[in-house]
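A.B. asks:
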Amino acid sequence: MAERLIVIGGDAAGMAAASQARRRSPDDLKIVAFERGRFTSYSACGIPYWISGLVPQRDQLIARDPATFRDRFAIDVRLRHEVTRIDLDRREVIARDLTGGDEVRERFDTLVYATGAHPVRPAWARSDVLGVFGVQTLEDGAALRDWLDGDTRPRQAVVVGGGYIGVEMAEALIQRGLEVTLVEKAQQPMSTVDPDMAELVNDAMRGVGVRIRTGLAVTGLQERDGRVSAVLTSDGPIPADLVVLGLGVRPNVELAEAAGLPVGPSGALRVDRRMRVPGADDVWAAGDCVECLHRVSGMPVHIPLGTHANKQGRVAGINIGGGYATFPGVIGTAVIKVCDLEVGRTGLREQDAAAAGFEFVSVITESTNRAGYFPGSRPMTVKLIAERPTGRLLGAQIVGWSEAAKRIDALAVALWNGMTVDDMTALDLGYAPPYSPVWDPVLIAARKAVDALGR
Ligand SMILES: Cc1cc2nc3c(=O)[nH]c(=O)nc-3n(C[C@H](O)[C@H](O)[C@H](O)COP(=O)(O)OP(=O)(O)OC[C@H]3O[C@@H](n4cnc5c(N)ncnc54)[C@H](O)[C@@H]3O)c2cc1C
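Start counting at 1 in the sequence shown, then tack on 23, and there's your number in the working numbering.
#1: Check each candidate in Pro89, Leu452, Trp73, Gly423 and name the one with the smallest Cα separation from Ala56.
#2: Would Ala437 pass as a contact of Met447 if the rule is Cβ separation under 8 Å?
#3: At what residue ranges does the segment 278 to 348 contain a whole run of the alpha helix (DSSP H), taking only runs of 4 or more?
#4: For Leu134, I'd like the list of residues in its chain whose CB is within less than 6 Å of its CB, leaving aside the five on either flank, ordered along the chain.
#5: Going by DSSP in three states, Leu171 sits in which element: helix, strand or coil?
#6: Helix, strand or coil: how does DSSP classify Tyr454 here?
#7: Check the C-beta distance from Gly33 over to Val100 and give it rounded, since I have them as a contact under 8 Å.
#8: In this structure, how does DSSP classify Ile85 when only helix, strand and coil are distinguished?
#9: With a threshold of 7 Å (Cβ to nearest heavy atom), would Pro145 be considered close to ligand 1?
#10: Quick check on Asn339: buried or exposed, where buried means 16 or more other Cβ atoms within 10 Å of its Cβ?
#11: Just how far apart, CA to CA, sit Arg176 and Leu328?
#12: In this structure, does DSSP put Asp110 in helix, strand or coil?
#13: Run through the segment 395 to 477 for me and flag every whole alpha helix (DSSP H) of 4 or more residues, listed as ranges in chain order.
#14: Skipping 5 residues on each side, what residues in its chain have a beta carbon closer than 7 Å to that of Asp445?
#15: Please state whether DSSP places Leu511 in a helix, a strand or coil.
#16: In the DSSP assignment, find the unbroken beta strand (DSSP E) run with Val55 in it and report its ends.
#17: Say the cut is 7 Å; is the CB of Cys68 nearer than that to a heavy atom of ligand 1?
#18: By Cβ distance below 6 Å, which residues in the same chain neighbour Arg420 in space, the five residues on each side in sequence not counted?
#19: Is any heavy atom in ligand 1 found nearer than 7 Å to the beta carbon of Ala428?
#20: Which first and last residues belong to the alpha helix (DSSP H) in which Ile70 is found?
#21: Do the segment 113 to 128 and the segment 284 to 301 meet, that is, are 3 or more Cβ pairs less than 8 Å apart?
#22: On the DSSP letters alone, give me the boundaries of the beta strand (DSSP E) that Asp99 sits inside.
#23: Ala193 to Asp258, Cα distance in whole Å?
#24: Our contact map puts Phe350 next to Val267 with C-beta atoms below 8 Å; I'd like the distance itself, whole angstroms only.
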């Protein structure tokens, strides 16, 4: 009988695994992907830009539809099919057809678990009140766009949660012409960077008109005629005819746990370097549902990002197809923009470095993205965190205008390769006045870190 590969979850990680496995496997490998939603292989990362209108059409976010998978890859994608159970002993998955209601059973030889993550939705965010939206899926995005474009014509939005999705959504709604308040329970939004760098981001958000309320917990919703009219907070109500939730995600591991697959300390599924789930034959996992190694702290972490999901799915697929590939871990590199302001980060923040037991110095430098005399020259702030006394780079953050965000990539490569700030001062980075001052902001920061280490 032909071998059978079943994939649970038809987005980035699952379909990357399925496509790679198909490329490397005999033609008679049968591949079935169960996806409970209405779409496969789409860019959730693009949703904020579709909401803002920068990306005009929903379908521009869809990389491959089921027909493409069927015709080009001979992969049978079953949309609107939710897997409800994995039976590892009988080697079958049980799924419910959400359209017809039927139960479907499929035998597998190899299983890929790629169910992603659940958006956090607290009890106060009642689904029976109209005007409250998550932005996790294309369906969520469509519902929000309908609300924005429909008869309601909302004017006052509250974004709850100041992580990167909350910040991107605040920007998108400002661009749609709404009044936007961003509410964050912690003392600062953008907690993925240190507070001193986050303050620059907050200034930029305020500069484009976002009201920022920090240290404030949302406790409930006020409604009028079944529609949201305000969010209730520990400091009183904030009027809102649209509420967007950006409260983070948690790994979607319930089915795996019920089947006896191991969950790690981060709450996500454990996998080895080849994306194999330990203790189970031919079961693989990838994407937002798994944890991985942080190469700087040495700790298992759950960092749910599309960049990792795609790479991990590819690694799983290569291995399933008989090749050899590993996912070596992450260093926490991420970029985001808030209107024209760009933010990049990699490695450890000060608090992470302290928690991991490092002794370190940190420095902040102000420079410019271009030669000071060159038209369009704008400030760029670079923060470096380096181990004392070795000088090894532990983390970096950049906030500035054009050419700021992707500069983090040079620092990420340095960090990945264990470079010291001493080594970095001599890096042969490109220079011409339209692209940097003669001393690139990265080099200036490295020099200051060397000074701080007392060399
Ligand atoms: C608004 C937004 C912006 C983002 N921006 C960025 C960015 O700029 N950069 C970046 O790197 N990342 C970004 N991300 C994160 C990125 O989209 C995710 O990390 C990525 O989609 C994870 O891929 P995945 O395949 O692991 O999970 P998902 O994309 O969540 O796919 C999992 C799939 O499994 C399906 N599923 C779950 N359970 C079942 C079941 N029982 N049966 C059948 N199907 C099931 C789900 O319906 C889902 O389609 C963003 C995410 C969002 C929401």
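Where a beta carbon is used, it is the ideal one built from N, C-alpha and C, also for glycine.
Model, not experiment: these values are computed from the prediction.
C.D. replies: Working from what's here:
#1: The shortest C-alpha separation from Ala56 is found at Pro89.
#2: Their beta carbons are under 8 Å apart, which means Ala437 touches Met447 by this criterion.
#3: Note on the segment 278 to 348: whole alpha helix (DSSP H) runs with a minimum of 4 residues are 329 to 343, in chain order.
#4: Here the set comprises Ile29, Val306.
#5: In the structure shown, Leu171 sits in a helix (DSSP, three-state: H, G or I).
#6: Three-state result, Tyr454: coil.
#7: The C-beta distance from Gly33 to Val100 rounds to 6 Å, short enough to fall under 8 Å.
#8: Looking at Ile85 - three-state DSSP - the assignment turns out to be strand.
#9: For Pro145, the shortest separation between its Cβ and any heavy atom of ligand 1 does not lie below 7 Å.
#10: Checking the sequence, you will find Ala at residue 339 rather than Asn. Buried, since its Cβ has 16 or more Cβ neighbours within 10 Å.
#11: Taking the Cα positions, Arg176 is about 32 Å away from Leu328.
#12: Strand, per DSSP.
#13: If only complete runs of 4 or more residues are kept, the segment 395 to 477 shows the alpha helix (DSSP H) at 431 to 439, 444 to 447, 464 to 475, in order along the chain.
#14: Around Asp445: Gly414, Val473, Arg478.
#15: Lying before the first or after the last residue shown, residue 511 is absent from the chain, which here runs from 24 to 478.
#16: Segment 53 to 58, the beta strand (DSSP E) holding Val55.
#17: Yes, since a heavy atom of ligand 1 falls inside the 7 Å radius drawn around the Cβ of Cys68.
#18: Correcting the residue identity first, residue 420 is Gln in this sequence and not Arg. Here Gln420 has Val216, Met220, Arg368, Lys406 as same chain residues with Cβ atoms under 6 Å from its own Cβ, once five neighbours each way along the sequence are excluded.
#19: The answer is no for Ala428.
#20: That run of the alpha helix (DSSP H) goes 70 to 75.
#21: Taking 8 Å as the limit for Cβ pairs, the verdict is that the segment 284 to 301 does not touch the segment 113 to 128.
#22: 98 to 102 is the extent of the beta strand (DSSP E) around Asp99.
#23: Computed Cα separation, rounded: 21 Å.
#24: So it is not a contact: roughly 32 Å between Cβ atoms.
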